[in-house]
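Q:
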Amino acid sequence: GDSVTQMEGPVTLSEEAFLTINCTYTATGYPSLFWYVQYPGEGLQLLLKATKADDKGSNKGFEATYRKETTSFHLEKGSVQVSDSAVYFCALSGGGSQGNLIFGKGTKLSVKP
Amino acid sequence: GAVVSQHPSRVICKSGTSVKIECRSLDFQATTMFWYRQFPKQSLMLMATSNEGSKATYEQGVEKDKFLINHASLTLSTLTVTSAHPEDSSFYICSAAGTGNTDTQYFGPGTRLTVL
């Protein structure tokens, strides 16, 4: 079945460092790909998405490109801030008929000043 | 942006009792709502998908008689954990998708259930 694998955390970076969180997927068909972020004490929020190969999703300085050839959707940010500290989830739209999501295990990011 | 609320945020109950969790879409109509369960340091696992006015579709391995889902209106879905036991303790999260756009889900803040 469809699945998502993302790098395990926790990831600890200093402010202004470059961030990469790897995400690869296995899927039949052509799923949409998502990154969700969960700040402490809050629900998941959609960070960005891409719906087809070579699409680049971007938001708040974060970017991810849908790479069909490598089945990847790595999240990147050039300069992280303390406020980016959160758990990041990679997800794909599953095979269900109603758009259910399949999530990776999440990567906790801590950014230190 | 679209807002989804959950109530309660935390609940502690005794073994054998039932607990109801509400999920509301506050500023949009949600034709489809999803219920997830999240174990510590684990991913979100889809439990069931519900459409307004129809029976929920449960994922394999999820007991539909134990986890009762009702989606009575376009803004409200409820999850009732019946005869709860300690192994049901978990973080339950709902999400909602708007009309014609099930590709984007908006998540509630989650409900922490602890069964003693």
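First to last, the protein sequences are chains Z and Y. The first sequence begins at 7 in my numbering and counts up by one. The second sequence begins at 2 in my numbering and counts up by one. All C-beta atoms in this analysis are idealised placements derived from N, C-alpha and C, irrespective of residue type, glycine included. Everything numeric in this text was worked out from a predicted model, so none of it was measured.
1. Here's the rule I'm using: 16 or more other beta-carbon atoms within 10 Å means buried, otherwise exposed. How should LYS55 (chain Z) be labelled?
2. Pull up the DSSP beta-bridge partners for ASN71 (chain Y), would you.
3. For LEU117 (chain Y), tell me which candidate among Y:LEU69, Y:LYS15 and Y:TYR59 has the shortest Cα-Cα distance.
4. Check whether the Cβ atoms of PHE68 (chain Y) and THR83 (chain Y) lie closer than 9 Å to each other.
5. Checking contacts by CB at 9 Å: is VAL10 (chain Z) closer than that to chain Y?
6. What residues from the stretch 30-49 of chain Y come within 7 Å of chain Z, judged by C-beta to C-beta, listed N to C?
7. For SER103 (chain Z) and GLY99 (chain Y), I'd like the C-alpha separation in whole angstroms.
8. List, in order along the chain, the chain Z residues whose C-beta lies closer than 9 Å to that of ILE94 (chain Y)?
9. Whose C-beta lies closer than 7 Å to the C-beta of ILE13 (chain Y) among residues of the same chain, with five residues either side of it excluded?
10. Over what stretch of residues does the beta strand (DSSP E) that includes SER6 (chain Y) continue unbroken?
11. Taking contact to mean 3 or more Cβ pairs, one atom from each stretch, closer than 8 Å, check whether the stretch 15-26 of chain Z and the stretch 110-118 of chain Z are in contact.
12. Name, in chain order, the residues that DSSP records as bridge partners for GLY63 (chain Z).
13. Would you identify the three-state DSSP class for VAL88 (chain Z), choosing helix, strand or coil?
14. What is the residue span of the beta strand (DSSP E) that SER27 (chain Y) lies within?
15. If we count the other Cβ atoms within 10 Å of its Cβ and call it buried at 16 or more, is GLY110 (chain Z) buried or exposed?
16. Output needed for THR79 (chain Y): all residues of its chain with C-beta closer than 6 Å, excluding positions within five of it in sequence on either side, in chain order.
17. Using the beta-carbon of each residue, which ones in chain Z are nearer than 8 Å to GLY109 (chain Y)?
18. Buried or exposed, going by whether 16 or more other CB atoms sit within 10 Å of the CB of GLN7 (chain Y)?
19. Counting only beta-carbon separations shorter than 9 Å, does THR79 (chain Y) have a partner in chain Z?
20. For SER19 (chain Y), does the count of other Cβ atoms within 10 angstroms reach 16, so buried, or fall short, so exposed?
21. Is the CB-CB distance between VAL86 (chain Z) and LEU39 (chain Z) below 9 Å?
22. Under 9 Å, do ALA3 (chain Y) and PHE29 (chain Y) count as touching if we go by C-beta distance?
23. Name the chain Y residues that come within less than 7 Å of GLY67 (chain Z), Cβ to Cβ?
A: If we stick to the structure as given:
1. buried
2. Y:THR79
3. Y:LYS15
4. Going by C-beta atoms, PHE68 (chain Y) is nearer than 9 Å to THR83 (chain Y).
5. yes
6. THR33, PHE35, GLN43, SER44, LEU45 and LEU47
7. Below a pLDDT of 50, predicted positions are generally treated as unreliable, and SER103 (chain Z), at 49, falls in that range; the measurement from the model is reported next regardless. Each residue's alpha carbon lies about 15 Å from the other.
8. Chain Z residues near ILE94 (chain Y): GLY49 and LEU50.
9. THR115 and LEU117
10. 5-8
11. yes
12. In DSSP, GLY63 (chain Z) forms a bridge with Z:ALA70.
13. helix
14. The question names Ser, yet the displayed sequence has Leu at residue 27 (chain Y). It is not in any beta strand (DSSP E) - LEU27 (chain Y) carries neither H nor E in the DSSP assignment.
15. buried
16. LYS21, GLU23 and ASN71
17. Below the 8 Å Cβ cutoff, chain Z contributes GLY49 as neighbours of GLY109 (chain Y), in chain order.
18. buried
19. no
20. exposed
21. no
22. yes
23. Under the 7 Å cutoff, chain Y gives no residues; its nearest Cβ is about 18 Å from GLY67 (chain Z).
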